[in-house]
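So the structure is just underneath, and the comments pick up after that.
2 protein chains.
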Amino acid sequence: MAGREAGSADGRGAGRPGRAGRGAGAEVVPAPGRASAAEVAPVPGSAIRSNEAPTFALPPAVEMLWGVRERSSRGPRRGLSLERIVAAAIDVAQAEGIGGLSMGRVAAELGAATMSLYRYVSAKDELLMLMVDTAMGPPPGPRLSDDGWRAGLSRWAQGARASYQRHPWSLRVPITTPPLGPNMVAWMDDGLRCLAGTPLSEQEKLSSVLLLSGFVRNEATLSLDLRTAASDGHIMPGYGAMLGRLINPATFPSLQRAIDSGSLDDDDDMDSEFDFGLARLLDGIAVLAERPDVPPG
Amino acid sequence: MAGREAGSADGRGAGRPGRAGRGAGAEVVPAPGRASAAEVAPVPGSAIRSNEAPTFALPPAVEMLWGVRERSSRGPRRGLSLERIVAAAIDVAQAEGIGGLSMGRVAAELGAATMSLYRYVSAKDELLMLMVDTAMGPPPGPRLSDDGWRAGLSRWAQGARASYQRHPWSLRVPITTPPLGPNMVAWMDDGLRCLAGTPLSEQEKLSSVLLLSGFVRNEATLSLDLRTAASDGHIMPGYGAMLGRLINPATFPSLQRAIDSGSLDDDDDMDSEFDFGLARLLDGIAVLAERPDVPPG
DNA sequence: GTTCTACTGCGTAGATGGTACGCAGATCTA
DNA sequence: TAGATCTGCGTACCATCTACGCAGTAGAAC
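Sequence order for the protein chains is A and B. Counting in UniProt numbering, the first sequence runs from 1 upward without gaps. Counting in UniProt numbering, the second sequence runs from 1 upward without gaps.
Below, the structure is given as structure tokens:
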């Protein structure tokens with residue numbers, strides 16, 4: 001097993017309770033398109049946890065991102081900022097992969113002490129979420145000339161893919177919450193916008209965008225894995241040949257055919273793989289979008 | 001950030017070299033449908049690494065799985081076996097999630113010492129791969145009455161989904177290599193088999209199965225995430241409502257429409273989500289499968 | 001049977017890394 | 001100016017992976 005750089009937080013924390021909602025707060029440029037702080041109903045702190053009405057507590061740092069939650073100006077001037085921390089963390093991840101990302105490493109990058117970071121971020125996982133949202137960047141948005149849902153979604157997918165390619169490490173961060181960051185939410189909105197003119201129901205639009213987003217992420221991950229494996233000089237080059245030696249042609253006839261056709265050894269065809277999948281998906285959505293029936297919505 | 005249980009090995013090993021191909025070997029019931037040991041060309045050890053002809057070195061334990069590599073019967077009788085270790089590890093993962101899976105924990109389960117495991121598995125990652133392959137189990141295989149590629153692939157996808165649902169932790173193991181285990185390979189073959197009667201080229205068949213498999217995995221992961229988040233009493237219940245309070249309707253109009261339609265709050269509709277995505281994909285593949293043109297293959 | 005030796009389990013120890021806790025000092029409010 | 005509040009961060013503590021090497025075991029070779 002060479003190519004490491006896997007998931008992030010191994011489930012520590014099973015140990016002691018921990019008071020959870022500690023350090024957090026930072027001056028953050030409020031996300032564009034947010035509801036201003038005043039318009040937002042106060043979010044109950046995570047300390048309050050009645051077991052009836054489910055209270056949805058955002059991670060404090062995420063509230064910062066959205067511009068909710070001002071902080072008092074008491075105390076010494078802050079030496080760091082959420083943005084600087086996230087930026088430094090992204091630098092580290094970019095250079096050394098998720099595996100090389102440790103709180104200590106990020107702190108060193110900033111010339112600060114490890115524990116300083118915990119004034120801005122309550123746990124490493126939170127930092128990871130912020131990093132991913134930042135790395136994703138804003139969605140492509142509408143074109144001047146609207147050229148239909150298919151072209152729009154295609155551009156959307158290509159854009160998302162490009163984002164992943166620019167920040168491969170973000171694919172190594174497991175998704176554990178629905179999209180919460182401003183950028184993620186903006187991407188969601190943008191995808192839905194592409195389908196706005198179609199007869200799809202809201203539910204169908206949502207499902208379609210979710211489907212597409214999963215596809216893009218998956219494809220990007222696969223592509224990254226291939227590249228990683230290849231650059232390790234490991235298994236991937238000649239994967240087909242290796243399988244061919246392992247398997248028994250009689251028992252895996254279909255796979256054998258694929259191997260014989262050489263389809264498995266065409267390296268670096270992840271572009272066409274992506275195009276193929278995207279086309280299939282859009283074709284599938286088209287069946288709904290171009291149906292003659294009357295839509296429910 | 002409550003619900004941990006994230007990735008597995010954080011990228012240690014960046015430290016010292018390590019001699020990599022150490023302890024491994026076990027009596028393993030050879031996988032069905034394998035090429036017998038005799039038929040298989042010897043696989044060069046990972047020590048040999050000429051930089052020309054790319055040598056594809058399998059992890060030793062995987063070679064065990066395939067029935068290649070006999071071990072000498074010298075030395076004391078072994079107290080453990082790969083299978084027992086993998087089974088114990090799966091038990092632990094099943095009960096406590098990937099986050100609860102440590103080599104020490106597995107060893108304790110077996111009444112052995114931590115380091116004993118390293119006689120059977122060269123690293124934790126290797127164990128994870130074996131666990132995933134085992135958990136996946138064999139593919140559904142052909143039905144007596146062949147009812148077409150669409151029904152076949154549908155069954156295939158449903159089966160894969162069921163496997164993931166039986167072993168949710170397997171979704172938390174990041175994929176870092178192409179499918180190597182006997183079960184994984186069998187699933188691949190089975191998917192291709194479903195498409196055998198269609199006019200798709202080998203490349204297209206392969207791409208389709210890959211696409212589908214990515215979809216299933218993604219959908220299962222999403223579903224698991226939702227369930228995890230919900231059972232933590234966390235964000236998911238009322239995600240739509242929360243987003244509604246965060247965003248500005250004017251800036252995210254499409255998303256706002258989706259929220260207003262209530263589509264975001266329909267919990268536990270991952271089944272229909274899966275069905276929707278699967279239908280879209282199969283529709284997309286159908287465009288190829290039922291085209292009148294002459295196939296290239 | 002005796003010796004050789006590959007192989008076994010596993011104790012020890014090093015390294016890495018997340019993060020609770022609490023102190024000393026800074027800055028704002030009253 | 002006193003107190004409240006917040007800041008950076010040093011000091012542990014703990015979990016975890018895994019390299020190393022010892023002592024003992026069981027076939028093989030003679």
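Built from N, CA and C at the ideal position, the CB exists for glycine as well.
Between which two residues does the alpha helix (DSSP H) harbouring residue i extend?
{"i": "R84 of chain B", "result": "L82 to E96"}
{"i": "F276 of chain A", "result": "M270 to A289"}
{"i": "P60 of chain B", "result": "P60 to W66"}
{"i": "G240 of chain B", "result": "Y239 to L246"}
{"i": "P253 of chain B", "result": "P253 to D260"}
{"i": "W149 of chain B", "result": "G148 to R166"}
{"i": "residue 300 of chain A", "result": "Residue 300 of chain A lies beyond the residue range present for chain A, which begins at 1 and ends at 297; the question has no answer from this structure."}
{"i": "D189 of chain A", "result": "P182 to C194"}
{"i": "R105 of chain A", "result": "M103 to L110"}
What's the C-alpha gap between residue i and residue j?
{"i": "S223 of chain A", "j": "L255 of chain A", "result": "21 Å"}
{"i": "C194 of chain A", "j": "I175 of chain B", "result": "32 Å"}
{"i": "T221 of chain A", "j": "L171 of chain A", "result": "6 Å"}
{"i": "V132 of chain A", "j": "T114 of chain A", "result": "21 Å"}
{"i": "R257 of chain B", "j": "L180 of chain A", "result": "18 Å"}
{"i": "V173 of chain B", "j": "R77 of chain A", "result": "42 Å"}
{"i": "Q165 of chain A", "j": "L226 of chain A", "result": "13 Å"}
{"i": "T228 of chain A", "j": "Y239 of chain A", "result": "14 Å"}
{"i": "T251 of chain B", "j": "D190 of chain A", "result": "10 Å"}
{"i": "residue 298 of chain B", "j": "S122 of chain A", "result": "Here chain B covers residues 1 to 297 and nothing more, so residue 298 of chain B does not appear."}
{"i": "L212 of chain B", "j": "I285 of chain B", "result": "10 Å"}
{"i": "G141 of chain A", "j": "D283 of chain B", "result": "28 Å"}
{"i": "L58 of chain A", "j": "R74 of chain A", "result": "24 Å"}
{"i": "E281 of chain B", "j": "I259 of chain B", "result": "Per the sequence presented here, residue 281 of chain B reads as Leu, with Glu not at that position. Spanning the two alpha carbons is a distance of roughly 26 Å."}
{"i": "S163 of chain B", "j": "A135 of chain B", "result": "7 Å"}
{"i": "S288 of chain A", "j": "N218 of chain B", "result": "Note that residue 288 of chain A is Leu in the sequence shown here, rather than Ser. If you take the alpha carbons of L288 of chain A and N218 of chain B, they lie about 22 Å apart."}
{"i": "K205 of chain B", "j": "A107 of chain A", "result": "48 Å"}
{"i": "E109 of chain A", "j": "A95 of chain A", "result": "12 Å"}
{"i": "M103 of chain B", "j": "S201 of chain B", "result": "45 Å"}
Can a CB atom of chain A be found closer than 9 Å to the CB of residue i?
{"i": "M115 of chain B", "result": "no"}
{"i": "A186 of chain B", "result": "yes"}
{"i": "V149 of chain B", "result": "The question names Val, but residue 149 of chain B is Trp in the sequence shown. It does not; no Cβ of chain A falls within 9 Å."}
{"i": "L153 of chain B", "result": "no"}
{"i": "V287 of chain B", "result": "yes"}
{"i": "G11 of chain B", "result": "Legend: pLDDT at G11 of chain B = 33, less than 50; position of this residue unreliable, value from coordinates given subsequently. Chain A, which has a Cβ nearer than 9 Å to the Cβ of G11 of chain B, makes this yes."}
{"i": "I239 of chain B", "result": "Inspection of the sequence shows that residue 239 of chain B is occupied by Tyr rather than by Ile. Answer yes: the Cβ-Cβ gap between Y239 of chain B and chain A drops below 9 Å somewhere."}
{"i": "L264 of chain B", "result": "yes"}
{"i": "L58 of chain B", "result": "yes"}
{"i": "S261 of chain B", "result": "yes"}
Is any beta-carbon of chain B found at less than 9 Å from that of residue i?
{"i": "E290 of chain A", "result": "no"}
{"i": "P253 of chain A", "result": "yes"}
{"i": "residue 302 of chain A", "result": "Lying outside 1 to 297, the shown extent of chain A, residue 302 of chain A is not represented and no answer is given."}
{"i": "W66 of chain A", "result": "yes"}
{"i": "Y118 of chain A", "result": "no"}
{"i": "M242 of chain A", "result": "yes"}
{"i": "S163 of chain A", "result": "no"}
{"i": "T228 of chain A", "result": "yes"}
Could you work out which residues of chain B lie near residue i, taking near to mean beta carbons separated by less than 7 Å?
{"i": "D283 of chain A", "result": "D283, G284 and V287"}
Following a CB-centred definition, is residue i positioned closer than 8 Å to any heavy atom of the ligand HEM?
{"i": "V173 of chain B", "result": "As far as ligands go, the structure on display features none, and thus does not contain the ligand HEM."}
Mind listing the chain A neighbours of residue i? Cutoff is C-beta to C-beta under 7 Å, in chain order.
{"i": "A107 of chain B", "result": "Chain A residues near A107 of chain B: none, gap ~17 Å exceeds 7 Å."}
{"i": "L192 of chain B", "result": "S254, L255 and A258"}
{"i": "D225 of chain B", "result": "I175 and T176"}
{"i": "S81 of chain B", "result": "Correct list: empty, because the minimum Cβ distance to chain A is about 21 Å."}
Give the interface partners of residue i over in chain A, defined as CB-CB distance under 9 Å, in chain order.
{"i": "D189 of chain B", "result": "I247, T251, F252, P253, S254, L255, Q256 and A258"}
{"i": "D91 of chain B", "result": "Those within 9 Å of D91 of chain B in chain A number zero; the least Cβ separation is about 17 Å."}
Quick one: which residues of the segment 196-207 of chain B get their C-beta closer than 9 Å to a C-beta of chain A? List them in chain order.
A196, S201, E202, Q203, E204, K205, L206 and S207
For the segment 267-280 of chain A, list every residue whose C-beta sits within 9 Å of some C-beta in chain B, in sequence order.
Contacts with chain B (Cβ-Cβ distance below 9 Å) from the segment 267-280 of chain A involve D269, S272, E273, F276, G277, A279 and R280, listed in chain order.
To be precise: take each residue of the segment 208-222 of chain B, compare its Cβ to all Cβ atoms of chain A, and keep it if any distance is under 8 Å. Which residues remain?
S208, L210, L211, G214, F215, R217, N218, E219, T221 and L222
Chain-ordered residues of the segment 171-184 of chain B with a beta carbon less than 8 Å from chain A:
R172, P174, I175, T176, T177, P178 and L180
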